[in-house]
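Below is one structure, written out as structure tokens; comments come after it.
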Amino acid sequence: MDPKFTDAKLTLSFGRAKLARKMLFLGLLSLAAGIFLLWLNDDWQTLFMGYLGLGIGLLICGYEFHRFFNPPKPLLVLSPEGVRMRIELVKEYLIPWSEVREVGSTDIEGTFRGQRLKFNNVTYVGVTRSFYERVIYVDNWFMRGPGWDTNYIPAEGLVRVALHHEILPATAEELRTAVETRWKAFGKTARGPAA
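Dropping the structure here:
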């Protein structure tokens, strides 16, 4: 394992490069589907879907190219100060290590557009419900978006804030080690058991 994950004094920044590759693939796939549907040119519905595919593909690809040349702030930063998270286009917040009550890994199930999703071995930090409501919670269901229930999970009097390794340039083990190392070094409150 890379020593940067085990050195508590180092600040780790995790960008959106892994997520950007997935989104760019989705955009290119949408462009290809749009071109194919326009090529078919069967009826007005096929043409509509073709133009819709082209439009969505161009929007996604354009956004990702813009982000490539104008990199945003990292999605996740682990530092001696705490866990800084950014919900793109919505909010940025800091969870100080003193507010973290537990660190663990869990399997998360949720829904996205009516489909059941399962994420395995996701690292989380547990914070009190009052901290969650005061600092993290977004009071607008539209801004929270469809994946809120897979990122913030109420459990045992706490709210588990999921740190999804699937979109970060780190494995589940590396991320858990980095979080746990910094929590043990900088957390100052009574801790619950790690899951």
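If you're matching positions, the sequence shown starts at 9 in this note's numbering and goes up one per residue.
Using N, Cα and C, we set each Cβ at its ideal position, and we do this for glycine too.
For residue i, three-class secondary structure by DSSP
i	result
L83	coil
R92	strand
P67	In the sequence as displayed, the identity of residue 67 is Leu instead of Pro. In this structure, L67 counts as helix in the three-state DSSP scheme.
T189	helix
A180	helix
A203	For A203, the predicted model reports a pLDDT of 43, less than 50, meaning its position is unreliable; a value from the coordinates is still stated below. If DSSP states are grouped into helix, strand and coil, A203 belongs with coil.
A198	Any reading at A198 must be qualified, since the residue scores a pLDDT of 44, below 50, and its modelled position is unreliable; the value itself is stated next. The answer is coil: DSSP assigns A198 none of H, G, I, E or B.
Endpoints, alpha helix (DSSP H) assigned at residue i
i	result
S38	25 to 48
DSSP beta-bridge partners of residue i
i	result
P59	Note on residue identity: the sequence assigns Tyr, not Pro, to residue 59. None, per the DSSP bridge assignment.
L102	R92
F22	L84
Start-to-end residues for the beta strand (DSSP E) that takes in residue i
i	result
F13	No beta strand (DSSP E) contains F13, which DSSP labels as neither H nor E.
Subject >> Complete runs of the alpha helix (DSSP H) confined to the segment 105 to 171 [at least 4 residues] >> reply: 149 to 152
Subject >> Three-pair Cβ contact test at 8 Å for the segment 113 to 128 versus the segment 157 to 167 >> reply: yes
**OP:** Examine the Cβ distances between the segment 39 to 55 and the segment 16 to 23 and report whether three or more of them are shorter than 8 Å.
**Re:** no
**OP:** State whether the segment 136 to 144 contacts the segment 163 to 182, with contact taken as three or more CB pairs (one from each stretch) at a distance under 8 Å.
**Re:** yes
**OP:** For the segment 64 to 74 and the segment 27 to 36, state whether three or more C-beta atom pairs, one from each stretch, are separated by less than 8 Å.
**Re:** yes
**OP:** Taking 8 Å as the threshold, find out whether the segment 19 to 30 comes into contact with the segment 172 to 182 through three or more Cβ pairs.
**Re:** yes
Original post:
On the three-pair Cβ rule with 8 Å, is the segment 77 to 95 touching the segment 55 to 63?
Top reply: no
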